[in-house]
Amino acid sequence: MRRKAQEWIYNLSDEDITFIKNFVMSSGSLKEVAKLYHITYPTVRLRLDRLIQKMQMNDQIENDAYISLIKKMVIDDQLDFDTAKILIKKYREQKGE
Numbered sequence: 001m002r003r004k005a006q007e008w009i010y011n012l013s014d015e016d017i018t019f020i021k022n023f024v025m026s027s028g029s030l031k032e033v034a035k036l037y038h039i040t041y042p043t044v045r046l047r048l049d050r051l052i053q054k055m056q057m058n059d060q061i062e063n064d065a066y067i068s069l070i071k072k073m074v075i076d077d078q079l080d081f082d083t084a085k086i087l088i089k090k091y092r093e094q095k096g097e
């Protein structure tokens, strides 16, 4: 379990880790995080949602090289989450899964 926890955190950027730290230090208050970053609440919510998506994608990385590449691109912010889901779905349909 400890190794799995380490894997997801290694795939986050330093900026993501700082955001998580600030979120925890603000007792999970998105309003406090918004004040800290001088941004709006919806912007913080969007940032948190994207971070959650990155973490979910990391948990779902598979042995299939193509799917792993797509998921890695999402984690690295090179591809958005919705596009990745479409590509993976189409790929699996073509493979007959």
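The sequence shown lines up with residues 1 to 97 when you count with full-length UniProt numbering. From the three backbone atoms N, C-alpha and C, an ideal C-beta is built for every residue, glycine too. Because the structure is a prediction, the values reported are computed rather than measured.
From the options, residue whose alpha carbon lies closest to that of residue i
| i | options | result |
| --- | --- | --- |
| ASP14 | ILE75, ASP80, ILE70 and LYS35 | ILE75 |
| ILE95 | VAL44, THR18, VAL33 and ASP64 | Checking the sequence shown, residue 95 turns out to be Lys, not Ile. Answer by Cα proximity: ASP64. |
| GLN78 | LYS90, TYR91, ARG50 and GLU32 | ARG50 |
| GLU93 | ILE67, GLN53, THR18 and ASP16 | ILE67 |
Cβ neighbours of residue i in the same chain (closer than 6 Å, five flanking residues each side left out)
| i | result |
| --- | --- |
| ILE9 | none |
| HIS38 | none |
| LEU48 | none |
Burial state of residue i, where buried means 16 or more other Cβ atoms lie within 10 Å
| i | result |
| --- | --- |
| ALA84 | buried |
| VAL24 | exposed |
| ILE88 | buried |
| ILE52 | exposed |
| LYS54 | buried |
| ILE70 | buried |
Neighbourhood of residue i by C-beta distance below 7 Å, restricted to the same chain and skipping five residues each side
| i | result |
| --- | --- |
| VAL33 | ASN22, PHE23, SER26 and VAL44 |
Item checked: Any alpha helix (DSSP H) of 4 or more consecutive residues that is wholly inside the UniProt domain "DUF2089" (12-57) -> 14-25 and 30-37
Margin query: At 4 residues or longer, what runs of the alpha helix (DSSP H) sit wholly inside the UniProt domain "YvlB/LiaX N-terminal" (66-95)?
Written below: With a minimum length of 4 residues, the continuous alpha helix (DSSP H) runs that stay inside the UniProt domain "YvlB/LiaX N-terminal" (66-95) are 81-95.
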